[in-house]
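First up is the structure itself, then whatever we jot down about it.
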Amino acid sequence: MDYNKALLDFIDRSPVNFWAIENMRKELEAHGAVKLTECEKWELQRGKMYYVTRNGSALIAFRIPEGETTGFQIMASHCDSPTFRIKSNAEICVEQNYVKLNVEKYGGMLCESWLDIPLSVAGRVMVRGADGVIESRLVCVDRDLLIIPRLAIHMNREANDGVKINVQRDMLPLFSGDAEDAKDGFLQLIAEECGVDAEQILDTELYLYNRVKGTVFGRNREFIASGRLDDLQCAYASLQGFLTAGQGDGIAVHCVYDNEEVGSGTKQGAASTLLSDVLHRINTALGGAEEDYHRLVRCGFMVSADNAHAVHPNYTDKADPTSRPYVNGGIVIKYSANQKYTTDAVSGAIFRELCRIADVPLQVFHNRSDMAGGSTLGNISGAQVPINTVDIGLPQLSMHSAYETAGAKDTEYLIRAAQTLFAASVTDLGDGNYRIR
Ligand code: ZN
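Mapping of the sequence shown onto my numbering: residues 297 to 733, in sequence order.
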């Protein structure tokens with residue numbers, strides 16, 4: 297199986313969070329997963345696979361073994377990426393000759409990387425349907441629609457000395473050359489894409505996406521590049537591992553959160569009760585008491601998978617002096633003394649053993665002690681579901697660029713680690729000792 301081709305194809309079909317979840321949902325159903333909704337009573341059978349989504353932008357799939365279960369075996373990732381959201385009343389007319397769109401930042405991107413490349417728009421539209429129904433429609437304008445043009449070097453001679461970017465001034469994409477489109481030309485376009493009248497559109501969540509396709513590059517084709525590798529590379533690997541893993545005694549759980557890039561504090565983010573709610577309902581539907589829930593959580597294990605920084609070839613001094621992950625060097629375990637990463641000696645040791653079983657190479661990441669670094673979802677999720685959790689990721693360069701670079705070998709490493717995680721059971725022996733089976 298050519299995992300890089302499949303990954304880049306998946307990312308290409310997933311321009312924003314909603315589409316990533318839609319594509320995962322379809323793949324799960326093709327593999328026989330049964331759809332659940334949060335609004336209905338769950339009747340679950342042992343030996344079956346299920347999935348549930350929240351807000352259309354987060355998803356949890358799980359597989360229940362036939363016999364008695366030992367605990368939850370979870371891999372969690374996120375489907376959102378830094379981008380720009382189209383504001384309401386987006387059209388801005390410039391001197392009767394241009395129409396540009398008003399946008400605001402979603403997450404912390406490298407703004408410059410969004411300039412002078414073909415962009416378009418994707419997201420969700422709420423439509424007034426018949427009989428009082430409000431319909432949710434996914435939209436992806438599948439053509440080059442917008443560009444944010446840079447200012448020429450002749451008009452800014454300091455452009456190569458570091459330019460401060462003001463999103464309200466510098467990041468508004470060019471949409472039309474017809475002043476008429478300033479009225480509601482953008483909304484009209486979206487209505488056409490949805491096959492409805494503009495008056496039927498009640499609200500929208502639309503984002504820019506980078507149209508540049510993913511690629512495999514390098515002398516030996518050893519690198520991949522694409523938008524949204526953070527974190528669709530991990531989300532994709534988690535799904536493939538989940539679908540191809542052997543059946544163990546644990547309940548395998550593939551969890552994809554939304555809104556990691558803006559702090560996870562939404563009903564579908566890692567700080568929400570989403571995972572806790574789903575795990576509780578699984579336990580209840582299997583006839584378990586509250587007591588059993590706590591046992592399944594404490595006798596389980598979670599891998600929080602979110603991409604990691606590799607040593608940069610042009611900025612080698614930006615990495616920690618002794619922890620130096622490289623692309624294609626294997627999965628990166630992330631450590632942080634202040635627990636921005638939740639890895640501790642227990643979860644680190646368990647994950648190292650899982651990867652030894654999977655025959656997957658490992659590397660470690662610490663921030664330089666004079667750099668704050670980023671954060672991720674492991675410790676946030678852990679406050680809701682206190683399960684032993686390791687923070688890991690695949691090594692990459694140019695994180696939060698519109699076009700990121702990673703290793704051609706690493707996706708497969710995480711798929712193999714996920715297969716091993718989902719088929720294993722990690723038992724807390726209750727005395728500081730743990731057993732992996
Ligand atoms: Zn991420």
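Note that the Cβ used here is the ideal one computed from N, Cα and C, for glycine as well.
Point to revise | Three-state class that DSSP yields for H662 in the structure shown | key: coil
Check your understanding: With distances taken from CA atoms, which of Y611, Y394, K509 and A633 is nearest L304?
Key -> K509
Practice item. For E556, verify whether its CB is less than 7 angstroms away from any heavy atom of the ligand ZN. Key: yes
Review point. Do the CB positions of L468 and I413 come within less than 8 angstroms of each other?
Key: no
Check your understanding: What is the DSSP secondary structure of N385, reduced to helix, strand or coil?
Key -> strand
Check your understanding: Does the beta-carbon distance from A541 to Q715 come in below 8 angstroms?
Key -> yes
Review point. For C490, which beta-bridge partners are listed by DSSP?
Key: Its beta-bridge partners do not exist; DSSP assigns none.
Point to revise | Residue burial classification, K331 (beta-carbon count within 10 angstroms, cutoff 16) | key: exposed
Check your understanding: Relative to the alpha-carbon of K705, which residue among P657, S694, A494 and Q341 has its alpha-carbon at the smallest distance?
Key -> P657
Exercise for review: Mind listing, in chain order, the continuous beta strand (DSSP E) runs of no fewer than 3 residues lying wholly within the segment 373 to 419?
Suggested key: 379 to 390 and 394 to 402
Review point. Just how far apart, CA to CA, sit M405 and V558?
Key: 11 angstroms
Point to revise | Given 8 angstroms, three or more beta-carbon pairs between the segment 679 to 687 and the segment 590 to 603 | key: yes
Check your understanding: Smallest Cα separation from Y402: which of Y637, D554 and A641?
Key -> D554
**Study point:** Runs of alpha helix (DSSP H) lying entirely within the segment 619 to 654, each at least 4 residues, in chain order
**Key:** 641 to 654
**Study point:** For E700, the three-state DSSP class (helix, strand or coil)
**Key:** strand
Review point. Should the segment 711 to 728 be regarded as contacting the segment 345 to 358, the criterion being three or more beta carbon pairs within less than 8 angstroms?
Key: no
Review point. Any heavy atom of the ligand ZN within a distance shorter than 7 angstroms of the CB on N603?
Key: yes
Check your understanding: Are the segment 521 to 531 and the segment 359 to 366 touching by the rule of at least three beta carbon pairs closer than 8 angstroms?
Key -> no
**Study point:** In chain order, each beta strand (DSSP E) run of at least 3 residues that lies wholly inside the segment 313 to 379
**Key:** 330 to 332, 345 to 350, 354 to 359 and 368 to 374
Exercise for review: Provide the residue(s) that pair with K304 in DSSP beta bridges, ordered along the chain.
Suggested key: Here the sequence assigns Leu to residue 304, which means Lys is not the residue at that position. Partner(s): none; L304 has no beta bridge.
Review point. For A386, which option in S310, D499 and R652 has the closest C-alpha, if you only look at C-alpha atoms?
Key: D499
Review point. Which residue comes first and which comes last in the alpha helix (DSSP H) that contains D466?
Key: V463 to D466
Practice item. Using three-state DSSP, classify D727 as helix, strand or coil. Key: coil
Exercise for review: Give a yes or no on whether the C-beta atoms belonging to Q369 and G544 are separated by under 8 angstroms.
Suggested key: yes
Point to revise | Where H374 falls, given that 16 or more other Cβ within 10 Å makes a residue buried | key: buried
Review point. Taking 7 angstroms as the cut-off, is the CB of D749 close to at least one heavy atom of the ligand ZN?
Key: In the structure displayed, the chain extends from 297 to 733; residue 749 sits before or after that span and is not available.
Practice item. Spatial neighbours of Y699 within its chain, please: CB distance less than 8 angstroms, with the 5 preceding and 5 following residues excluded, ordered by chain position. Key: S409, I413, N506, V508, A521, S522 and G523
Review point. Any heavy atom of the ligand ZN within a distance shorter than 7 angstroms of the CB on D706?
Key: no
Check your understanding: Got a sec, what are the start and stop residues for the alpha helix (DSSP H) V574 sits in?
Key -> L570 to A581
**Study point:** Range covered by the alpha helix (DSSP H) that runs through E587
**Key:** E586 to R594
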